[in-house]
Amino acid sequence: MVQNSASTPESVALLKARVFALVEACPAGRVTTYGWIGKALGYPRGARMIGWIMNDAHEEVPAQRVVNSKGELSGSWAFGQKGRMRELLEAEGIEFSGEDRVDIKRYGWDPSRDLDAEELQQIVSAATPDSGGSSKRLLFLLQNDPASPLREELRGE
Numbered sequence: 090m091v092q093n094s095a096s097t098p099e100s101v102a103l104l105k106a107r108v109f110a111l112v113e114a115c116p117a118g119r120v121t122t123y124g125w126i127g128k129a130l131g132y133p134r135g136a137r138m139i140g141w142i143m144n145d146a147h148e149e150v151p152a153q154r155v156v157n158s159k160g161e162l163s164g165s166w167a168f169g170q171k172g173r174m175r176e177l178l179e180a181e182g183i184e185f186s187g188e189d190r191v192d193i194k195r196y197g198w199d200p201s202r203d204l205d206a207e208e209l210q211q212i213v214s215a216a217t218p219d220s221g222g223s224s225k226r227l228l229f230l231l232q233n234d235p236a237s238p239l240r241e242e243l244r245g246e
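Per my numbering, the very first residue in the sequence shown carries number 90; after that it's consecutive.
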């Protein structure tokens with residue numbers, strides 16, 4: 090577990106960089122979940138927060154590898170065209186069930202389980218925030234949404 094204090098926009102940018110670093114560490118042909126990323130970073134109830142952060146992902150982040158806990162492509166709308174997220178995953182060899190889901194038991198990559206503590210720490214420690222910072226929408230959600238694990242900290246409560 091690698092929690093970080095997110096009391097400033099700079100620390101939110103660092104958290105975002107750590108999320109992206111873990112997503113980038115997810116091997117091709119595997120998927121991870123919003124919840125697993127959150128748990129690995131010290132936010133076991135932070136799946137929604139990880140989803141908000143993924144909305145800020147740039148092209149180099151293999152965002153298609155992040156699915157919800159049921160194996161559904163809940164973030165697929167962010168790929169600009171219907172079916173694009175699925176196409177990217179299928180190109181990596183991932184097969185879908187009849188319910189259009191990824192088999193999490195077969196393809197799942199949980200950083201807390203599949204990395205040892207030292208590997209996890211190295212990945213998140215090497216994460217560097219990009220110069221773009223965080224979107225105003227992300228900062229607003231982290232500060233104000235009741236589901237945000239950072240709400241009190243960012244609002245100074």
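Note that the Cβ used here is the ideal one computed from N, Cα and C, for glycine as well.
Checklist entry - Excluding sequence positions up to five away, which residues of its chain have a Cβ less than 8 Å from the Cβ of A114? => result Answer for A114: P200, L204, I212, listed in chain order.
Checklist entry - Going by the CB atoms, is the gap between V108 and Y196 shorter than 7 Å? => result In terms of Cβ geometry, Y196 and V108 do not form a close pair [threshold 7 Å].
Checklist entry - So, helix, strand or coil for N233, using DSSP? => result Correct three-state label for N233: helix.
Item to check | Beta-bridge pairing of F185 - partner residues as DSSP gives them | outcome: In the DSSP assignment, F185 forms a beta bridge with V191.
Item to check | Collapsed DSSP secondary structure at V101 in the structure displayed | outcome: Helix.
Checklist entry - With DSSP run on the structure shown, which of helix, strand or coil describes G197? => result G197 sits in a strand when the DSSP states are folded into three classes.
Next on the checklist: With a threshold of 8 Å, are at least 3 pairs of Cβ atoms found where one atom belongs to the stretch 129-149 and the other to the stretch 231-244?
Outcome noted: The stretch 129-149 makes contact with the stretch 231-244, as at least three CB pairs between them are under 8 Å.
Checklist entry - Near S224, which residues of its chain fall below 7 Å by C-beta distance, leaving aside the five closest residues on each side in sequence? => result Correct list, in chain order: D145.
Checklist entry - Can you tell which of S214, E161, G187, G182 has the C-alpha that lies nearest to the C-alpha of L130? => result Nearest C-alpha to L130: S214.
Next on the checklist: What residue range does the alpha helix (DSSP H) around I214 cover?
Outcome noted: With the sequence shown as reference, residue 214 is identified as Ser, and Ile is not the correct amino acid for it. Element bounds for S214: 206-214.
Checklist entry - So V191 and L209 are in contact, right, with Cβ under 8 Å, and what is the actual spacing, rounded? => result In fact, because the Cβ distance is near 23 Å, the residues do not count as touching under 8 Å.
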